[in-house]
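Written out below as structure tokens is the structure these notes cover.
There are 2 protein chains.
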Amino acid sequence: MKGIIFVIDGMGDRPVKELGDKTPLENARTPAMDKMVEEGITGIMDTIRPGVRPGSDTAHLTLLGYDPYEVYTGRGPFEAAGINVEVKPGDIAFRCNFSTADENLIITDRRAGRIQSGTDKLAEVINNEVKLDDVEVIFKESDGHRGVLVLRGNGLSDKITDADPKHEGNKPKTVKPLDDSEEAKFTADIVNKFVEQSYELLKDHPVNIERIENGENPANIILPRGVGAVPHVTPFEELYGLKGVCVAETGLIKGIAKIAGMDTIDIPGATGGIDTDIDSVHKYIVDTIKSNKYDFILVNVDGADEAGHDGDIFGKRDFIEKVDNIMADLKDMDDIVLFVTADHSTPVSVKDHSGDPVPVFIKAPGLRVDDVKEYGERAAAKGGLCRIRGTDVLYIIRDLMNVTQKFGA
Amino acid sequence: MKGIIFVIDGMGDRPVKELGDKTPLENARTPAMDKMVEEGITGIMDTIRPGVRPGSDTAHLTLLGYDPYEVYTGRGPFEAAGINVEVKPGDIAFRCNFSTADENLIITDRRAGRIQSGTDKLAEVINNEVKLDDVEVIFKESDGHRGVLVLRGNGLSDKITDADPKHEGNKPKTVKPLDDSEEAKFTADIVNKFVEQSYELLKDHPVNIERIENGENPANIILPRGVGAVPHVTPFEELYGLKGVCVAETGLIKGIAKIAGMDTIDIPGATGGIDTDIDSVHKYIVDTIKSNKYDFILVNVDGADEAGHDGDIFGKRDFIEKVDNIMADLKDMDDIVLFVTADHSTPVSVKDHSGDPVPVFIKAPGLRVDDVKEYGERAAAKGGLCRIRGTDVLYIIRDLMNVTQKFGA
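Residue numbers (full-length UniProt numbering), protein chains in the order written: chain L, 1 to 409; chain A, 1 to 409.
Printed below as a string of structure tokens:
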């Protein structure tokens, strides 16, 4: 018996006039999921608590049974782990942009002309040449203009502000301590030095000279944000006795799984958008389940969230239909406890995460099948699970997998 | 106004093919409970939390308003209290079996031929002759081959393993400390000595000589298990200002009530099984309610749980129908707040407790009557209570009894 949490990222929504006052999920044609709903049990779920807007990171941590208020201080550690940086508890990690600054350090392009190549060479210089007292610097490029920075050493703190000014036309923000500790002051100072040194090291780098010659914005400064301390996390397998794996499109979700000690599977062609190679996503999910190497599989597909952020009503609906196609295989598997959910709602009207609960269903043997027959936010609210929380999910799955012990006698 | 929690132990279940995909409760003819559901309010309940499989002990502690994660370390203390051993906070208590060992101390019968008489005489020897340093030994026989052991003294711990090997053909397990404390080492040593001495004291006891002559297995060794420390518990009446009583079939449930400082009522003819004297159970429940001596009554009938453990589909269904007969009198009482529930599900397909929520209903004056008309797991999930927790029950009952104060102004 395998347990699966299948997260359709950001799927939850609100009624949309253009869809006849249906949500994208309600309006989508989803025969596979409807069939599983008909034969399963449904409900709504507050991933963290009612009205709280979860991030994808805090939502997934919660679904894996960790307390996000305890282990989550920022996105950096999970982004870093997601691109295979070997982070350690206590490391301070950041997401970064390669950006373009002019000679006065005014940021003229936060994404450095959406640079697609050469950042590995820039990263090499950063790793070799940045000098920050006794603090070890680990920098790695990610997709496009993105990268991660990890600071390792004694006396560091994550209680500091961001360097990224968020809007062009400004200098990098001076990083400031958020509390009175020496550690916060020291770390803020270190990050400010890092930003300055990045400009000095990158501005005349051959990669950038060539970009300027080609009329492209140079990637001549690095702007850290999303600071967080890498948490002490009890590995998933130690907590539950289940060998776990994560099949996901984005580094953030894979990073969460990595920090939880789970294996991760990369999906060639996955973009995390509605343009993702859905056939490849499909193949890697099904292959992982069928490999029989794992007791527990966390799946995440990201396009519905992206469409929600973009306010793309029909794109979101159509992507949900693509995901339903993936589900056809799972519908016919007998030896799984499948929990299908979103991590949060990303209403196309809000263009960001909201605190609306998400619709969930379970496919498993032995359920108290309810009389809900289609998958939708409002249909699910009438289901036999009523209203649950994200912290309940792994308890419910493990109970249905029959791998839990009685508490008491 | 009297408050009553009526627990039909282990009643919750899952759909069963042999019952036309109904649960035993859904399939049972329950006119009295259906009538109260029609005139009352229904819901589902997670006694501890969703997906957690409660023991009957931890479930009842929760229903009485105690935190099982705080007060529950094992079943022993409640079994001891249930047969009127006067336990004190700090005592270390065990359930025990009288068993049969051969001359090499191999256990050949864990239940000593299901001995029915003479264990009181064996217990007398144990109480008088066992010598365990400065530790006081209190041993008492219970039904059949069962007994309880209480250790009282300084420097004791419940962080030790069991002596019972669980399967015949093995020697008693050497009891081991579960942590590094001196207390755990000392207590493990004490229990190992107790087991050895029990064999020396009982092997040639006249009761056993006679059993051997009659071709019966002798009860010549005592195997403790289910160790727990007797908790400090604020008495029920002090917590709630309600004089409470428990009418139950089994020692475990009465023991929980006793440790909570409640009175208990013994029911002649009660077996805790589906063969119980249901008329006697009925009489003692109704007499206790009508005595007007108590503000709060905890009722437990145990047969549905036993049938669940046995996988006895029709036995479970038929027993629920018997319980419904008991309910006819309660249906017509006006001055009660009656909360009917199971403590946990014991699906006949699982043959053990599961984490499935249990169906509940309340009969009381002034309720927001919902439109559910029959008592069943899936019908209840559509009720006006939605999904509640075991910790909510006494709050709801006391509110409906109108004995609680506003919090604030």
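Each residue gets a CB set at the ideal place from its N, CA and C atoms; glycine is no exception.
Does the distance from the C-beta atom of residue i to that of residue j stay below 8 Å?
{"i": "A/A342", "j": "A/G10", "result": "yes"}
{"i": "A/E374", "j": "A/V7", "result": "no"}
{"i": "L/I267", "j": "L/V245", "result": "no"}
{"i": "L/L61", "j": "L/I320", "result": "no"}
{"i": "A/F186", "j": "A/V148", "result": "no"}
{"i": "L/V130", "j": "L/V87", "result": "no"}
{"i": "L/Y302", "j": "L/G272", "result": "For clarity, residue 302 of chain L is Asp in the given sequence; the question names Tyr instead. Yes; because the gap between Cβ atoms is below 8 Å, this pair is in contact."}
{"i": "residue 417 of chain L", "j": "L/E182", "result": "Past the edges of chain L, shown from 1 to 409, lies residue 417 of chain L, and the structure says nothing about it."}
{"i": "A/N97", "j": "A/R114", "result": "no"}
{"i": "A/G40", "j": "A/I362", "result": "yes"}
{"i": "A/G383", "j": "A/G43", "result": "yes"}
{"i": "A/M45", "j": "A/I397", "result": "no"}
{"i": "A/A381", "j": "L/D275", "result": "no"}
{"i": "L/A219", "j": "L/H145", "result": "yes"}
{"i": "L/I92", "j": "L/A188", "result": "no"}
{"i": "A/V135", "j": "A/R152", "result": "yes"}
{"i": "A/R14", "j": "A/D356", "result": "yes"}
Could you name the residues of chain A that residue i contacts, counting a contact when the two beta carbons are closer than 8 Å?
{"i": "L/G273", "result": "Near L/G273 there are no residues of chain A at all, since even the closest Cβ is about 34 Å away, more than 8 Å."}
For residue i, list the residues DSSP reports as bridge partners.
{"i": "A/R95", "result": "A/V148 and A/R225"}
{"i": "A/S280", "result": "Paired residue(s): none; A/S280 is not in a bridge."}
{"i": "A/M11", "result": "A/S345"}
{"i": "L/S354", "result": "L/S345"}
{"i": "A/P77", "result": "DSSP output for A/P77 lists no bridge partner at all."}
{"i": "A/I362", "result": "A/I41 and A/F339"}
In three-state terms, what does DSSP make of residue i?
{"i": "L/E249", "result": "coil"}
{"i": "A/D164", "result": "coil"}
{"i": "L/M45", "result": "strand"}
{"i": "L/A101", "result": "strand"}
{"i": "A/K22", "result": "strand"}
{"i": "L/V301", "result": "strand"}
{"i": "L/I106", "result": "coil"}
{"i": "L/T119", "result": "helix"}
{"i": "L/R389", "result": "strand"}
{"i": "A/V195", "result": "helix"}
{"i": "L/T404", "result": "coil"}
{"i": "A/L338", "result": "strand"}
{"i": "A/L156", "result": "coil"}
{"i": "L/D133", "result": "coil"}
{"i": "A/D263", "result": "strand"}
{"i": "A/I4", "result": "strand"}
{"i": "L/E141", "result": "strand"}
{"i": "L/V87", "result": "coil"}
{"i": "A/V372", "result": "coil"}
{"i": "L/V125", "result": "helix"}
{"i": "A/G82", "result": "helix"}
Would you mind telling me which residues of chain L sit closer than 7 Å to residue i, beta carbon to beta carbon, in chain order?
{"i": "A/V85", "result": "Within chain L, no residue comes near A/V85; the closest Cβ sits about 18 Å away, beyond 7 Å."}
{"i": "A/A32", "result": "Here the premise fails: no neighbours, minimum Cβ distance about 23 Å."}
{"i": "A/T391", "result": "Ordered by position in chain L, no residue passes the 7 Å Cβ test against A/T391, which lies about 14 Å from the chain."}
{"i": "A/G226", "result": "A409"}
{"i": "A/I44", "result": "C386"}
For residue i, is the classification buried or exposed, using 16 other Cβ atoms within 10 angstroms of its Cβ as the cut-off for buried?
{"i": "L/E141", "result": "buried"}
{"i": "L/F407", "result": "buried"}
{"i": "L/G82", "result": "buried"}
{"i": "A/H167", "result": "exposed"}
{"i": "A/R29", "result": "exposed"}
{"i": "A/L210", "result": "Inspection of the sequence shows that residue 210 of chain A is occupied by Glu rather than by Leu. So A/E210 counts as exposed."}
{"i": "A/P365", "result": "exposed"}
{"i": "L/S354", "result": "buried"}
{"i": "L/T288", "result": "buried"}
{"i": "L/S56", "result": "buried"}
{"i": "A/T346", "result": "buried"}
{"i": "A/R317", "result": "buried"}
Name, please, each residue of chain L whose Cβ falls closer than 9 Å to the Cβ of residue i.
{"i": "A/R53", "result": "D399, T404, Q405, K406, F407 and G408"}
{"i": "A/G355", "result": "Y395, I396, R398, D399, L400 and T404"}
Which residues in chain A sit within 9 Å of residue i, going by Cβ to Cβ distance?
{"i": "L/V369", "result": "P15, D21 and R378"}
List, in order along the chain, the chain L residues whose C-beta lies closer than 8 Å to that of residue i?
{"i": "A/A342", "result": "Result: empty, since nearest Cβ-Cβ is about 14 Å, beyond 8 Å."}
{"i": "A/P68", "result": "F407 and G408"}
Taking residue i as the query, report the chain A residues whose CB atoms sit under 7 Å from its CB, ordered along the chain.
{"i": "L/G241", "result": "The contacting residues do not exist; L/G241 stays about 15 Å from chain A at best."}
{"i": "L/I388", "result": "P50"}
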